[in-house]
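Let me begin by presenting the structure, written as structure tokens, before commenting on it.
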Amino acid sequence: MKSALISFGPQEPSLTSVSRAHLRVTPTLPSMSDISKPAQQSSQGGERNDAGARARVEDVPRPRKTRAFYMSVLAIMVASFLSALDLTAVGTALPTIAAALKDTKGEFTWVGAAYALSSTAFIPLSGSLADAFGRRPILLTSIAFFGIGSALSGAAQNMAGIGGGGILNLTEVLIADLVPLAERGLYQGLVGLAWSLASCIGPPIGVLNLPLTGVTFALVAVFLRVRTPPGSVKEKLGKVDWIGNALAIFGSGLVIIGLAWGGIRYPWASAPVLTTLILGMLFLGTFAVYEATVPTRPTIPIDVISNRTSLSGLLTVATHSIASTAIIYYLPVFFQACFGASPVRSAVDFLPGALLTAPFALVAGILVLVWQRYREINWIAWVFMVVAFGLTSTLKANASTAQWVGFQVVAAIGVGLNCSAPLFPILAPLKPERAGSALALFCFTRAFFQAWGIAIAGTILQNELHHHLPVAFVAQFPPHFEIAYAAIPSINALEEPLRSEVQAAFASSLAMIWKVMVGICGLGLLFSMLMKEVPMTMLKDDRFALEEQDDKVYNLENLNTVQPVPQVTDSPA
1391 MKSALISFGP QEPSLTSVSR AHLRVTPTLP SMSDISKPAQ QSSQGGERND AGARARVEDV
1451 PRPRKTRAFY MSVLAIMVAS FLSALDLTAV GTALPTIAAA LKDTKGEFTW VGAAYALSST
1511 AFIPLSGSLA DAFGRRPILL TSIAFFGIGS ALSGAAQNMA GIGGGGILNL TEVLIADLVP
1571 LAERGLYQGL VGLAWSLASC IGPPIGVLNL PLTGVTFALV AVFLRVRTPP GSVKEKLGKV
1631 DWIGNALAIF GSGLVIIGLA WGGIRYPWAS APVLTTLILG MLFLGTFAVY EATVPTRPTI
1691 PIDVISNRTS LSGLLTVATH SIASTAIIYY LPVFFQACFG ASPVRSAVDF LPGALLTAPF
1751 ALVAGILVLV WQRYREINWI AWVFMVVAFG LTSTLKANAS TAQWVGFQVV AAIGVGLNCS
1811 APLFPILAPL KPERAGSALA LFCFTRAFFQ AWGIAIAGTI LQNELHHHLP VAFVAQFPPH
1871 FEIAYAAIPS INALEEPLRS EVQAAFASSL AMIWKVMVGI CGLGLLFSML MKEVPMTMLK
1931 DDRFALEEQD DKVYNLENLN TVQPVPQVTD SPA
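Numbered according to our numbering, the sequence shown spans residues 1391 to 1963.
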């Protein structure tokens, strides 16, 4: 038998390129049906369409997962939990913040927009820096930024956002570094569980983010011991795609500013909003062209989105981010406006979703691990989300407890499954050394479209309220008053029947948000139909593995392989 190592074909000089010496074959347990199938290579190159395309090795024992591994996973989970806290803690408190600030011009939108802007913009740069300097130092720096920003509170939302963006990205990348994709379901599910749990219960515990920052920093510093790339600081700085990152930062920043202004501070058709949105999209378009043509070490290599399956996964991430953020931000508004709940009480009313969203993020990962399939899980998730938003759109101001609890349960199943499921179609067609770039794009997409979710839902609510609120209620406020949030605390003080009329107006206005989200979720379901079932690889990029792991490369000549391992290449779908 001829000597052979796993080959990935020619590679361009890229920061994400990796020598064969750093690609580890990790064994899996094939089924008898897999063993009987001949190995095939898809005509699409990077998209492998048969179980024989996986690197399966029977006679090599699974590497023992040590205490260091599990403590590293724990540190990653806590970091993921931390990065998601600010998203919902701010959302639930916005009506109170707006009232306290006596906000009449929508200035409260900057409470969330400042964090979203810096968080989203920094994600691609954090990936580039982590490739050059190593995961651990950049993650620790991100946690430090997040902690300083949290300590300084509203004066440093940008700093907290920079840290949050880095944490968000690197927690995903580190799991990819430590576990091969075919075995990643459980661990990806655990990280998804931590993130979705924080997204749902962030409001009542958001005040704890500063002590949690200290705990997270300590866990990462003590237990996360991963390899760091060699080279001087000057050499590492030279590997960063500074121009590409600058384009991404300016582009995403301008778009988020436009979204924060649109329909709240300025009309959507105003010059400030249109200028920022158009310039932002031009910067992002230039970023895409530049990344595809100029840098030798691009922040986002074009082959990451050059196949149909990865692209469809990213599109489902975008639609899921819009819909899930809308319900996270605006279902508490329903409880406060229609039921007269306080911010804390609305967070408690949101617990039915919190108690199921996180476990179903874990369920998605486990199902992928057991079935070694991901398409059906993505489809099921989207069906639940379509049904959930359809049901939620029927909620009235006098809705029963059974209704708003039951509808949350259905939504939580869909949102939870979709927290983890899209990662597998994004990564399955790609080479292991592309995982870092793909995950940076995944995190950027999720954060970027969360801003769209807030903007779309907020604009719908504001416009609908102008049509449905009683004139007698609107007359109590100054002209151009931003009534969607700032007026909510005054509803309980109204006399009947005006109070019931205002509550009904909020319920019908919020119902329009849920109806629009039904369409967006339907689009997500259609996107999920485009993905192929690409077998998940047992290879991983060990450049950033735990320091305790050795550098041994398994030569397939000395192993009893079940099937030949074909060369895998990337090509458009």
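By construction, the Cβ of each residue, glycine as well, lies at the ideal position given by its N, Cα and C atoms.
#1: Which residues mark the beginning and the end of the beta strand (DSSP E) in which D1931 is found?
#2: Hey, how far is the Cα of S1702 from the Cα of A1754?
#3: Whole angstroms are fine: how far does the CA of V1799 sit from the CA of S1470?
#4: Measure from the alpha carbon of L1781 to the alpha carbon of each residue in V1906, R1454 and T1709, then state which is nearest.
#5: Within 10 Å of its beta-carbon, does R1454 have 16 or more other beta-carbons around it, so buried, or fewer, so exposed?
#6: Figure out for me which residue from T1791, G1804 and T1699 has the closest Cα to the Cα of R1765.
#7: Helix, strand or coil: how does DSSP classify V1616 here?
#8: Answer with buried or exposed for R1457, where buried requires no fewer than 16 other C-beta atoms within 10 angstroms of its C-beta.
#9: Applying the 10 Å Cβ sphere with the 16-neighbour rule, what's the burial state of Q1840?
#10: What are the partner residues of L1564, as DSSP defines its beta bridges?
#11: Kindly indicate which three-state DSSP category L1829 falls into: helix, strand or coil?
#12: Taking the alpha helix (DSSP H) that M1671 falls in, what are its first and last residues?
#13: Quick check on DSSP: helix, strand or coil for Y1577?
#14: Can you give me the Cβ contacts of I1690 inside the same chain, cut-off strictly under 6 angstroms, excluding the 5 residues immediately before and after it?
#15: Considering only DSSP beta bridges, list what L1936 is partnered with.
#16: Assuming contact is defined by CB atoms lying nearer than 7 angstroms, are I1903 and I1844 in contact in what I supplied?
#17: According to DSSP, is G1652 helix, strand or coil?
#18: Taking all protein chains shown into account, do 16 or more other C-beta atoms lie within 10 angstroms of the C-beta of K1942, making it buried, or fewer, making it exposed?
#19: In its own chain, which residues sit with a C-beta less than 7 angstroms from the C-beta of I1466, not counting the 5 before and 5 after it?
#20: Would you report the Cα separation of L1888 and F1863, rounded to the nearest angstrom?
#21: Within 10 angstroms of its Cβ, does G1909 collect 16 or more other Cβ (buried), or is it exposed?
#22: Does the beta-carbon distance from L1859 to A1895 come in below 7 angstroms?
#23: When the Cα of V1758 is compared with those of A1811, L1746 and T1747, which residue comes out closest?
#24: Enumerated in chain order, which unbroken segments of the alpha helix (DSSP H) with a length of 4 residues or greater are wholly contained in the segment 1689-1765?
#25: Take every Cβ of the segment 1526-1540, pair it with every Cβ of the segment 1604-1618, and state whether three or more of those distances are shorter than 8 angstroms.
#26: Is M1921 close to chain C, meaning its C-beta is less than 7 angstroms from at least one C-beta of that chain?
#27: Taking the runs of the alpha helix (DSSP H) that are 4 residues or longer, which of them lie wholly in the segment 1760-1794?
#28: Is L1686 helix, strand or coil when you go by DSSP?
#29: Helix or strand or just coil, what does DSSP make of M1921?
#30: Which residues in the same chain have their Cβ closer than 8 angstroms to the Cβ of M1671, if we skip the five residues on either side of it in sequence?
#31: Going straight from the alpha carbon of F1588 to that of I1712, what length do you get?
#32: With H, G and I counted as helix, E and B as strand and the rest as coil, what does DSSP make of P1570?
#33: In angstroms, rounded to a whole number, what distance separates the CA positions of I1717 and S1790?
#34: Going by DSSP in three states, T1606 sits in which element: helix, strand or coil?
#35: For A1865, which option in N1882, G1848 and V1892 has the closest C-alpha, if you only look at C-alpha atoms?
#36: For Q1852, tell me which candidate among P1657, L1916, A1825 and W1769 has the shortest Cα-Cα distance.
Taking the geometry as given:
#1: Counted as a single uninterrupted DSSP element, the beta strand (DSSP E) harbouring D1931 occupies residues L1929 to D1931.
#2: If I take the Cα positions, the gap works out to 18 angstroms.
#3: Roughly 23 angstroms separates the two Cα atoms.
#4: It is V1906 whose Cα lies nearest to the Cα of L1781.
#5: By the neighbour-count rule (16 or more Cβ atoms within 10 Å), R1454 is not buried but exposed.
#6: Residue T1699 holds the alpha-carbon nearest to the alpha-carbon of R1765 among T1791, G1804 and T1699.
#7: Note: V1616 maps to strand in three-state DSSP.
#8: Around the CB of R1457, fewer than 16 other CB atoms lie within 10 Å, so the residue is classed as exposed.
#9: The residue is buried, with at least 16 neighbouring Cβ atoms inside 10 Å.
#10: In the DSSP output, where bridge partners are listed per residue, L1564 has none listed.
#11: The three-state reading of DSSP puts L1829 in helix, counting H, G and I together.
#12: It spans A1661 to T1683 - the alpha helix (DSSP H) in which M1671 sits, taken as one unbroken run.
#13: Residue state, collapsed to three classes: helix.
#14: Correct list, in chain order: E1681, S1827 and L1831.
#15: For L1936, which the question treats as bridged, DSSP gives the partners V1616.
#16: Their beta carbons are not under 7 angstroms apart, which means I1903 does not touch I1844 by this criterion.
#17: Here G1652 sits in strand by DSSP.
#18: The predicted model places K1942 with a pLDDT of 42, which falls under 50 and marks its position as unreliable, so this point remains unresolved.
#19: T1561, L1564, I1565 and V1581, listed in sequence order.
#20: Those two C-alpha atoms are separated by around 7 angstroms.
#21: Exposed, by the Cβ-count rule.
#22: Contact: yes.
#23: By alpha-carbon distance to V1758, the top candidate from A1811, L1746 and T1747 is A1811.
#24: If only uninterrupted alpha helix (DSSP H) runs of at least 4 residues are considered, those enclosed by the segment 1689-1765 are 1698-1728, 1733-1739 and 1741-1761.
#25: Counting Cβ pairs under 8 angstroms, three or more are found: they touch.
#26: Here chain C cannot be found, since the structure has a single protein chain.
#27: Segments of the alpha helix (DSSP H) lying fully in the segment 1760-1794: 1765-1782.
#28: Note on identity: in this sequence residue 1686 is Thr, with Leu being the wrong assignment. Coil, per DSSP.
#29: It is coil, neither helix nor strand.
#30: The residues are G1641 and V1645.
#31: It should be pointed out that residue 1588 corresponds to Ala in this sequence rather than to Phe. Straight-line spacing of the CA atoms in A1588 and I1712 works out to 18 angstroms.
#32: Residue state, collapsed to three classes: coil.
#33: Cα to Cα, the separation comes out at about 19 angstroms.
#34: Secondary structure at T1606: helix, using DSSP grouped into helix, strand and coil.
#35: Nearest of N1882, G1848 and V1892 to A1865, Cα basis: V1892.
#36: From the listed residues P1657, L1916, A1825 and W1769, the smallest Cα separation to Q1852 is found for P1657.
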